[in-house]
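The block underneath contains the structure these notes are about, expressed in C-alpha coordinates.
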Amino acid sequence: MLSADARARIDREIAKYPADQRQSAVMSALAIAQREQGWLSTAAIDEVASILGMPPVAVYEVATFYAMYDLKPTGRFKLTVCTNLPCALSGGAAAAEHLKARLGVDFGETTPDGRFTLREGECMGACGDAPVLLVNNLRMESWAGGEKLDRLVDELAAAADRGEGAPRGGEGGR
4 MLSADARARI DREIAKYPAD QRQSAVMSAL AIAQREQGWL STAAIDEVAS ILGMPPVAVY
64 EVATFYAMYD LKPTGRFKLT VCTNLPCALS GGAAAAEHLK ARLGVDFGET TPDGRFTLRE
124 GECMGACGDA PVLLVNNLRM ESWAGGEKLD RLVDELAAAA DRGEGAPRGG EGGR
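In C-alpha coordinates, the structure reads:
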(Lines of atoms letter the chains of each structure in order from A and count residues from 1; the text may use other names and numbers.)
(Lines give C-alpha, C1' and ligand atoms only; values in the text may rest on other atoms or scores of the structure.)
Protein backbone atom coordinates (compact mmCIF):
# COMPACT_ATOMS: atom_id res chain seq x y z
CA MET A 1 0.00 0.00 0.00
CA LEU A 2 2.68 2.54 0.94
CA SER A 3 5.13 3.55 -1.76
CA ALA A 4 8.81 2.74 -1.65
CA ASP A 5 9.46 6.43 -0.94
CA ALA A 6 7.13 6.42 2.07
CA ARG A 7 8.73 3.21 3.35
CA ALA A 8 12.17 4.80 3.00
CA ARG A 9 11.04 7.88 4.93
CA ILE A 10 9.62 5.67 7.67
CA ASP A 11 12.90 3.72 7.77
CA ARG A 12 14.77 7.02 8.24
CA GLU A 13 12.49 7.83 11.19
CA ILE A 14 13.02 4.36 12.69
CA ALA A 15 16.80 4.82 12.40
CA LYS A 16 16.61 7.73 14.84
CA TYR A 17 15.87 5.31 17.70
CA PRO A 18 17.66 2.31 19.22
CA ALA A 19 16.85 -0.92 17.37
CA ASP A 20 14.64 -2.19 20.18
CA GLN A 21 12.62 1.05 20.22
CA ARG A 22 11.21 1.03 16.66
CA GLN A 23 7.77 1.84 18.00
CA SER A 24 9.03 5.28 18.98
CA ALA A 25 8.64 6.24 15.31
CA VAL A 26 4.88 5.56 15.35
CA MET A 27 3.76 9.19 15.20
CA SER A 28 6.05 10.13 12.34
CA ALA A 29 5.22 6.88 10.50
CA LEU A 30 1.52 7.67 10.77
CA ALA A 31 2.13 11.21 9.51
CA ILE A 32 4.07 9.86 6.52
CA ALA A 33 1.33 7.35 5.71
CA GLN A 34 -1.35 10.03 6.04
CA ARG A 35 0.61 12.44 3.89
CA GLU A 36 0.85 9.86 1.13
CA GLN A 37 -2.59 8.29 1.33
CA GLY A 38 -4.61 11.37 2.27
CA TRP A 39 -5.96 9.77 5.46
CA LEU A 40 -5.33 6.74 7.65
CA SER A 41 -7.31 3.75 6.47
CA THR A 42 -7.31 0.53 8.45
CA ALA A 43 -4.95 -0.90 5.83
CA ALA A 44 -2.50 1.99 6.30
CA ILE A 45 -2.60 1.61 10.09
CA ASP A 46 -2.03 -2.13 9.75
CA GLU A 47 0.94 -1.53 7.45
CA VAL A 48 2.51 0.95 9.86
CA ALA A 49 2.00 -1.58 12.66
CA SER A 50 3.69 -4.27 10.59
CA ILE A 51 6.65 -2.03 9.74
CA LEU A 52 7.13 -1.06 13.38
CA GLY A 53 6.46 -4.53 14.78
CA MET A 54 3.55 -3.29 16.87
CA PRO A 55 0.07 -4.69 17.40
CA PRO A 56 -2.33 -2.85 15.06
CA VAL A 57 -4.51 -1.85 18.02
CA ALA A 58 -1.56 0.01 19.59
CA VAL A 59 -1.06 2.03 16.39
CA TYR A 60 -4.81 2.63 16.16
CA GLU A 61 -4.76 3.97 19.73
CA VAL A 62 -2.17 6.58 18.72
CA ALA A 63 -4.07 7.47 15.55
CA THR A 64 -7.30 8.01 17.48
CA PHE A 65 -5.73 9.92 20.37
CA TYR A 66 -4.21 12.77 18.36
CA ALA A 67 -6.41 15.18 16.42
CA MET A 68 -3.86 15.57 13.62
CA TYR A 69 -4.63 12.13 12.24
CA ASP A 70 -7.62 11.61 9.97
CA LEU A 71 -9.42 8.27 10.03
CA LYS A 72 -11.67 9.26 7.16
CA PRO A 73 -11.07 11.33 4.04
CA THR A 74 -10.98 15.10 4.37
CA GLY A 75 -10.90 17.90 1.85
CA ARG A 76 -7.79 18.75 -0.11
CA PHE A 77 -7.11 21.49 2.43
CA LYS A 78 -7.89 20.91 6.08
CA LEU A 79 -8.28 24.21 7.93
CA THR A 80 -8.03 23.86 11.70
CA VAL A 81 -8.95 27.00 13.62
CA CYS A 82 -7.78 27.38 17.20
CA THR A 83 -10.81 28.07 19.36
CA ASN A 84 -9.13 27.61 22.72
CA LEU A 85 -10.00 30.46 25.08
CA PRO A 86 -7.04 32.83 24.41
CA CYS A 87 -7.51 32.52 20.64
CA ALA A 88 -11.30 32.65 20.91
CA LEU A 89 -11.08 35.91 22.87
CA SER A 90 -8.53 37.29 20.42
CA GLY A 91 -10.55 36.69 17.27
CA GLY A 92 -10.50 32.91 16.91
CA ALA A 93 -14.25 32.57 17.35
CA ALA A 94 -14.84 35.32 14.79
CA ALA A 95 -12.34 33.71 12.40
CA ALA A 96 -14.16 30.40 12.72
CA GLU A 97 -17.52 32.02 12.01
CA HIS A 98 -16.04 33.85 9.03
CA LEU A 99 -14.73 30.59 7.55
CA LYS A 100 -18.00 28.79 8.22
CA ALA A 101 -19.87 31.50 6.30
CA ARG A 102 -17.29 31.74 3.51
CA LEU A 103 -17.06 27.98 2.96
CA GLY A 104 -20.67 27.15 3.75
CA VAL A 105 -19.72 24.36 6.15
CA ASP A 106 -19.57 23.80 9.89
CA PHE A 107 -16.78 22.24 11.92
CA GLY A 108 -16.19 18.65 10.84
CA GLU A 109 -17.68 19.20 7.40
CA THR A 110 -16.16 19.28 3.92
CA THR A 111 -17.20 21.61 1.13
CA PRO A 112 -19.19 19.91 -1.65
CA ASP A 113 -16.29 20.41 -4.09
CA GLY A 114 -13.97 18.50 -1.75
CA ARG A 115 -11.53 21.37 -1.42
CA PHE A 116 -11.89 22.31 2.24
CA THR A 117 -12.58 20.60 5.53
CA LEU A 118 -13.07 22.89 8.53
CA ARG A 119 -11.94 21.70 11.94
CA GLU A 120 -11.90 23.16 15.41
CA GLY A 121 -8.54 22.88 17.13
CA GLU A 122 -7.16 23.22 20.60
CA CYS A 123 -4.19 25.32 21.61
CA MET A 124 -1.54 25.55 18.91
CA GLY A 125 0.97 27.27 21.16
CA ALA A 126 0.84 30.63 19.40
CA CYS A 127 -1.55 32.63 21.58
CA GLY A 128 0.39 35.82 20.92
CA ASP A 129 -0.37 35.44 17.22
CA ALA A 130 -4.11 34.87 17.68
CA PRO A 131 -6.18 34.02 15.92
CA VAL A 132 -4.24 31.14 14.41
CA LEU A 133 -5.11 28.26 12.14
CA LEU A 134 -3.32 25.34 10.58
CA VAL A 135 -3.51 24.37 6.94
CA ASN A 136 -3.08 20.62 6.48
CA ASN A 137 -1.35 20.29 9.86
CA LEU A 138 1.79 21.89 8.42
CA ARG A 139 1.31 25.57 7.68
CA MET A 140 0.37 27.93 10.49
CA GLU A 141 -1.35 31.20 9.70
CA SER A 142 -1.15 33.88 12.39
CA TRP A 143 -3.38 36.92 12.91
CA ALA A 144 -5.94 35.21 10.70
CA GLY A 145 -8.73 37.74 10.46
CA GLY A 146 -11.42 38.22 7.81
CA GLU A 147 -9.48 39.67 4.86
CA LYS A 148 -6.47 37.43 5.47
CA LEU A 149 -8.76 34.40 5.64
CA ASP A 150 -10.40 35.39 2.36
CA ARG A 151 -6.98 35.71 0.69
CA LEU A 152 -5.97 32.32 2.12
CA VAL A 153 -9.12 30.60 0.85
CA ASP A 154 -8.65 32.21 -2.58
CA GLU A 155 -4.98 31.13 -2.66
CA LEU A 156 -5.80 27.55 -1.71
CA ALA A 157 -8.72 27.34 -4.16
CA ALA A 158 -6.41 28.55 -6.95
CA ALA A 159 -3.83 25.94 -5.92
CA ALA A 160 -6.53 23.26 -6.07
CA ASP A 161 -7.49 24.46 -9.56
CA ARG A 162 -3.85 24.01 -10.61
CA GLY A 163 -3.76 20.55 -9.01
CA GLU A 164 -1.38 21.70 -6.30
CA GLY A 165 -1.51 21.01 -2.61
CA ALA A 166 -2.67 17.89 -0.90
CA PRO A 167 -4.36 15.29 -3.04
CA ARG A 168 -8.07 15.05 -2.52
CA GLY A 169 -8.78 12.94 0.49
CA GLY A 170 -6.84 14.85 3.07
CA GLU A 171 -3.38 15.23 4.34
CA GLY A 172 -1.65 13.42 1.49
CA GLY A 173 0.92 15.43 -0.39
CA ARG A 174 1.33 18.03 2.32
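Every position in the sequence shown, counted from 1, becomes a number in my numbering once 3 is added.
The beta-carbon is built from N, C-alpha and C at its ideal position, and this holds for glycine as well.
Note down the Cα distance separating residue i from residue j, rounded to an integer number of angstroms.
i	j	result
arginine 12	isoleucine 35	7 Å
valine 84	tryptophan 146	11 Å
tyrosine 20	methionine 57	15 Å
glycine 128	glycine 111	22 Å
serine 6	threonine 45	16 Å
alanine 161	glycine 168	10 Å
alanine 61	alanine 52	8 Å
threonine 86	glutamate 125	6 Å
leucine 155	aspartate 23	44 Å
arginine 177	leucine 106	With a pLDDT of 32 at arginine 177, under the threshold of 50, the modelled position of this residue cannot be trusted; read the value that follows with caution. Roughly 21 Å between the two C-alpha positions.
leucine 55	glycine 148	42 Å
threonine 67	aspartate 49	14 Å
asparagine 140	aspartate 14	22 Å
leucine 74	glutamate 150	32 Å
alanine 97	proline 59	40 Å
aspartate 157	leucine 33	30 Å
tyrosine 72	alanine 47	12 Å
proline 134	threonine 113	21 Å
Would you list the one or two residues that DSSP bridges to residue i?
i	result
isoleucine 143	Residue identity differs from the one stated: residue 143 is methionine in this sequence, not isoleucine. The partner list for methionine 143 (beta bridge, DSSP) reads Leu137.
arginine 122	Thr83
threonine 113	Thr120
Please return the same chain residues whose Cβ sits closer than 7 Å to the Cβ of residue i, not counting the five positions on each side in sequence.
i	result
methionine 30	Val65
aspartate 132	Ser145, Trp146
serine 27	Tyr20
cysteine 130	Pro89, Cys90
arginine 165	none
leucine 137	Thr83, Gly124, Met127, Met143
Can you list, in chain order, the residues of its chain whose CB lies under 8 Å from that of residue i, leaving out five sequence neighbours each side?
i	result
aspartate 109	Lys103, Leu121
Measuring only between beta-carbons, confirm whether residue i sits less than 9 Å from chain D.
i	result
tyrosine 63	Reference to chain D is not applicable here, since this structure consists of a single protein chain.
In chain order, what residues of the same chain have a beta carbon less than 6 Å from the beta carbon of residue i, not counting five sequence neighbours either side?
i	result
arginine 171	For arginine 171, the predicted structure reports a pLDDT of 41, less than 50, and the residue's modelled location is therefore unreliable. The matter cannot be settled from this model.
alanine 70	none
histidine 101	Gly149, Leu152
alanine 9	Ile35, Glu39
leucine 159	Phe80
field: Stretch pair the stretch 39 to 56 + the stretch 90 to 100: three plus CB contacts closer than 8 Å
entry: no
task: Jot down the residue ranges of each uninterrupted alpha helix (DSSP H) in the stretch 38 to 100, minimum 4 residues, whole runs only, in chain order.
output: 45 to 55, 59 to 68
Touch test, the stretch 104 to 124 against the stretch 71 to 88, Cβ-Cβ under 8 Å, three pairs minimum: The stretch 104 to 124 makes contact with the stretch 71 to 88: 3 or more CB pairs, one atom from each, lie closer than 8 Å.
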